[in-house]
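The structure appears right after this line, and notes come after that.
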DNA sequence: ATGGTTGCAACGCAA
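Numbering (my numbering), first residue to last: 1 to 256.
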């Protein structure tokens, strides 16, 4: 099985030992990272190469930052959405093993109605154009990352509490549906139609211990790939350990 | 739980 995973690590500098341990234990073919919070000059390439992986990355100081680790070589690297010059490093696309991988760190949006929320909605509209463009060039696409969108109430521990709040608002959910409408499938939800499973738990409410989570990290497979997805799951093992990321890895296994 | 914790970097900002 070909294993592809996504993980918002919330600082690669802090989480590097965890990432290396996770690679060693799970041996994914591709691991997409978000919130690396590290410049390209400081990227820990040697440690990752010693673990048997190659890496491409697009980082910045302090905030954001994305990277793709893979067994095999990445080509056709893209770091920006179409016609959208953004200093925030949130996009990384590459072809690996003849599959187009799109690693996304979609803006958080802070709160509905805020300036950052407008930035998020604008970003999502740029993403829509980008995805349509990418699909024309590459039928076999995996879009994965931290979407900062819980697609439906089943993806939320307490839908009433989160009603029309950030990550759950109707415009955000509509943007997510639009991605599915142009030819993508939410791999976890396709394989587990009724499972209430989360990928992120707020540090501030000690959310993990009570499972007060949201499913906001996703792996979308294009029409050409969804039938190859045989397994999808969230790996919560590391979230239970000392000093975890607030997100857990999400994994799909494909029979190619 | 309308508060709280974490990471960065050095104070408040972002999540």
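In this text, a Cβ means the ideal position worked out from N, Cα and C, and glycines have one as well.
Being a predicted model, the structure only gives us computed values, none of them experimental.
Bounding residues of the alpha helix (DSSP H) (the contiguous stretch that carries residue i)
i, result
"residue 211", "That residue, residue 211, is in no alpha helix (DSSP H); it is neither H nor E in DSSP."
"residue 78", "Residue 78 -> not in any alpha helix (DSSP H); beta strand (DSSP E) instead, spanning 74-78."
"residue 19", "12-26"
"residue 47", "45-50"
Alpha carbon of residue i to alpha carbon of residue j, nearest angstrom
i, j, result
"residue 7", "residue 129", "25 Å"
"residue 158", "residue 221", "28 Å"
"residue 58", "residue 193", "34 Å"
"residue 54", "residue 160", "43 Å"
"residue 151", "residue 120", "15 Å"
"residue 178", "residue 113", "21 Å"
"residue 62", "residue 195", "35 Å"
"residue 183", "residue 102", "14 Å"
"residue 202", "residue 79", "28 Å"
"residue 140", "residue 90", "21 Å"
"residue 173", "residue 147", "11 Å"
"residue 223", "residue 170", "25 Å"
"residue 18", "residue 9", "9 Å"
"residue 92", "residue 69", "11 Å"
"residue 115", "residue 164", "17 Å"
"residue 16", "residue 225", "30 Å"
"residue 81", "residue 215", "24 Å"
"residue 149", "residue 74", "28 Å"
Option in the options with minimal Cα separation from residue i
i, options, result
"residue 145", "109, 112, 105, 208", "105"
"residue 168", "60, 2, 28, 117", "117"
"residue 219", "31, 64, 16", "31"
"residue 290", "132, 211, 217", "With the chain running from 1 to 256 in the structure shown, residue 290 is simply not present."
"residue 76", "119, 138, 43, 15", "138"
"residue 291", "50, 21, 227, 171", "Any answer about residue 291 is impossible in this case: the structure gives the chain only from 1 up to 256."
"residue 256", "245, 88, 230, 185", "230"
"residue 185", "9, 165, 142", "142"
"residue 26", "238, 246, 208, 148", "238"
"residue 155", "213, 136, 206, 172", "213"
"residue 211", "240, 224, 190, 92", "240"
"residue 166", "86, 111, 81, 33", "111"
"residue 197", "248, 115, 17", "248"
"residue 94", "107, 41, 134", "134"
"residue 64", "170, 48, 108, 81", "108"
"residue 136", "100, 88, 49", "100"
"residue 39", "87, 18, 82, 81", "87"
"residue 206", "33, 246, 163, 92", "246"
In DSSP terms, what residue i is bridged to
i, result
"residue 100", "95, 141"
"residue 32", "6, 68"
"residue 222", "184"
"residue 146", "105, 217"
"residue 232", "252"
"residue 133", "Beta-bridge pairing links residue 133 to no other residue."
"residue 247", "200"
"residue 156", "214"
Cutoff 6 Å; reference residue i; Cβ partners in own chain excluding five residues on either side
i, result
"residue 84", "126"
"residue 29", "2, 3, 71"
"residue 317", "Here the chain comprises residues numbered 1 to 256, so residue 317 is not present and cannot be evaluated."
"residue 208", "201, 239"
"residue 124", "175"
"residue 191", "232"
"residue 34", "8, 66, 105, 145, 146"
"residue 252", "4, 187, 219, 229, 232"
Close-in-space but distant-in-sequence residues of the same chain around residue i (CB under 8 Å, 5 per side omitted)
i, result
"residue 250", "5, 6, 7, 144, 188, 199, 217, 218, 219, 232, 233, 234, 235"
"residue 243", "14"
"residue 43", "12, 36, 55, 57, 59, 67"
"residue 52", "23, 71"
For residue i, the first and last residue of its enclosing beta strand (DSSP E)
i, result
"residue 54", "54-58"
"residue 254", "250-254"
Beta-carbon contacts of residue i that lie in its chain and below 7 Å, excluding the five residues immediately before and after
i, result
"residue 45", "55"
"residue 20", "47, 51"
"residue 204", "none"
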